[in-house]
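**Q** Residue numbers (this note's numbering): 22 to 127.
The beta-carbon is built from N, C-alpha and C at its ideal position, and this holds for glycine as well.
Note that the structure is predicted; figures quoted are calculated from it, not measured.
One structure follows; several queries about it will come next.
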């Protein structure tokens, strides 16, 4: 019974508008390899900073300029904006589902 409900939920997620928007945005991003590379590079930089507990202010000016240029470019790029927004939407949906389940069992 529980497994059947989980399967039903997985189908609902798969058919959700949120996931459809994310898949479309991901496809649009993948159709532009340079844009996809730039985003992955930026996310990698942010992850490295977070892991090393380094703040933006502590980076050398070249890295700061590079990050600021990417952020400006991303803020003006609809493909990136759609991708990041739809990814956040799917993550939020999955986080909420997980929280509901956790609340029910704790």
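Between 36, 22, 60, which has its C-alpha nearest residue 88's C-alpha?
**A** Out of 36, 22, 60, 60 has the C-alpha closest to the C-alpha of residue 88.
**Q** Reducing DSSP to helix, strand and coil, say where residue 67 ends up.
**A** In the structure shown, residue 67 sits in a helix (DSSP, three-state: H, G or I).
**Q** Does the distance from the CB of residue 56 to the CB of residue 100 come in under 8 angstroms?
**A** Yes. Within cutoff.
**Q** Using 8 angstroms as the threshold, is the C-beta distance between residue 114 and residue 39 below it?
**A** Yes; because the gap between Cβ atoms is below 8 angstroms, this pair is in contact.
**Q** Using the three-state DSSP reduction, which class does residue 60 fall into: helix, strand or coil?
**A** In the structure shown, residue 60 sits in a helix (DSSP, three-state: H, G or I).
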